[in-house]
Amino acid sequence: MARWEVVHPAHPSRWAGVTMAGFRHHGPDPADVHVIPHPSITLALEFGSGPHVVDTDSGRQQQGNLVAGFMHDAIRVRGHAVECVQVRLSPVTAHAVLGISPAELDDVVVPLDQLWGHDATRAQEQISQARSWQERFALTNTLLIRRLAAGREVDREVAWAWNRITSSRGRLRIDDLAHELGWSRKRLWSRFRTQLGLPPKRAAKLVRFDHAVHRLAAGQHAAGVAADTGYADQAHLHRDVLAFTGTTPATMTSRVWLAVDEIAWTAHRTTNKPQ
Numbered sequence: 100m101a102r103w104e105v106v107h108p109a110h111p112s113r114w115a116g117v118t119m120a121g122f123r124h125h126g127p128d129p130a131d132v133h134v135i136p137h138p139s140i141t142l143a144l145e146f147g148s149g150p151h152v153v154d155t156d157s158g159r160q161q162q163g164n165l166v167a168g169f170m171h172d173a174i175r176v177r178g179h180a181v182e183c184v185q186v187r188l189s190p191v192t193a194h195a196v197l198g199i200s201p202a203e204l205d206d207v208v209v210p211l212d213q214l215w216g217h218d219a220t221r222a223q224e225q226i227s228q229a230r231s232w233q234e235r236f237a238l239t240n241t242l243l244i245r246r247l248a249a250g251r252e253v254d255r256e257v258a259w260a261w262n263r264i265t266s267s268r269g270r271l272r273i274d275d276l277a278h279e280l281g282w283s284r285k286r287l288w289s290r291f292r293t294q295l296g297l298p299p300k301r302a303a304k305l306v307r308f309d310h311a312v313h314r315l316a317a318g319q320h321a322a323g324v325a326a327d328t329g330y331a332d333q334a335h336l337h338r339d340v341l342a343f344t345g346t347t348p349a350t351m352t353s354r355v356w357l358a359v360d361e362i363a364w365t366a367h368r369t370t371n372k373p374q
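First residue of the sequence shown? That's 100 in my numbering, and the numbers climb one at a time after it.
Right under this line is the structure:
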């Protein structure tokens with residue numbers, strides 16, 4: 100049976116909007132898992148002996164060091180000897196780290212060297228030579244800090260709007276958000292979409308879904324989750340889960356998902372202790 104080793108850094112990043120984890124696949128069978136949409140930009144820095152391949156619903160394939168924008172649907176990750184450091188970046192942080200607006204990565208997965216050039220190659224070489232997960236995390240963090248310091252920040256109002264959406268867990272009305280900013284709804288939509296890569300309403304929907312699906316993964320009943328997370332009813336939650344994952348709330352909790360969270364969504368996890 101395929102098993103996943105999932106390792107988290109000993110200490111959280113001191114930069115807001117940055118989370119990391121290490122993934123290593125064990126077993127004679129190839130890895131074959133899905134990554135569901137998440138309110139972040141995802142980087143995968145691989146160092147295993149065999150490249151992992153990412154399949155999207157559009158039929159395109161990518162492999163190696165990758166960056167995935169805001170995905171509309173679940174994507175498939177497969178391969179032999181998969182080993183990688185996965186980094187999740189909020190769109191506010193990603194704007195500076197990547198050197199481009201997340202708007203240019205909407206629903207796509209691209210090779211990281213297209214954005215970072217030699218930085219991506221050097222990062223892979225250093226991570227491959229590291230002797231422990233914690234050393235790999237430290238190397239990755241150093242790279243991110245260097246790029247953050249050199250990158251361009253988003254507008255303060257846009258960053259504030261994103262933080263309001265996430266702190267409300269996606270339950271904030273966009274008209275109320277625009278009012279708090281003193282902006283028109285059209286201005287908020289335009290600035291948010293241009294700088295962060297998705298409209299504010301879709302951002303709120305994705306944040307709310309992420310909060311709800313974590314509770315489902317933890318074993319909570321769908322009706323209670325729907326009521327507590329701002330869905331009109333259980334059917335509304337069902338539609339969102341189906342749209343984002345391709346499966347129902349009842350079946351998604353038994354699937355193997357690859358994610359950087361307190362819950363690495365797999366019954367086959369071997370460890371989450373730092374090494």
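Backbone N, C-alpha and C fix where the C-beta goes; we use that ideal spot for every residue, glycine too.
Item: C-alpha distance - S200 paired with G216, whole-angstrom precision; Value: 17 Å
Item: Nearest residue (CA-CA) to A248, options W114, G296, P348 and G323; Value: W114
Item: Contact check, Q185 vs A120, beta carbons under 8 Å; Value: yes
Item: Beta-bridge partners of V186, as assigned by DSSP; Value: M119 and L142
Item: Rounded straight-line distance, which links the Cα of A229 to that of H124; Value: 18 Å
Item: Of the listed residues T192, Q161 and T352, nearest to G296 (C-alpha basis); Value: T192
Item: Separation of S139 from P190, as counted between CA atoms; Value: 6 Å
Item: Endpoints, the beta strand (DSSP E) within which W114 is located; Value: Note, W114: premise wrong, no beta strand (DSSP E); not H, not E.
Item: Assigned exposure category for T141 - 16 Cβ within 10 Å defines buried; Value: buried
Item: When R187, M170 and R102 are compared against G116, the one with the closest alpha-carbon; Value: R187
Item: Proximity below 8 Å, CB of Q333 to CB of A322; Value: yes
Item: Closest by C-alpha distance to T344, when choosing among E252, S148, H171 and A143; Value: H171
Item: H335 - DSSP class collapsed to helix/strand/coil; Value: helix
Item: Option nearest E104 by Cα separation, candidates R307, H335, A130 and W259; Value: A130
Item: Pair within 8 Å by beta-carbon distance, A237 and C183; Value: no
Item: V174, DSSP secondary structure in three states; Value: The sequence shown places Ile at residue 174, not Val. Here I174 sits in strand by DSSP.
Item: Neighbour-count burial assignment, E203, 16 or more Cβ in a 10 Å radius; Value: exposed
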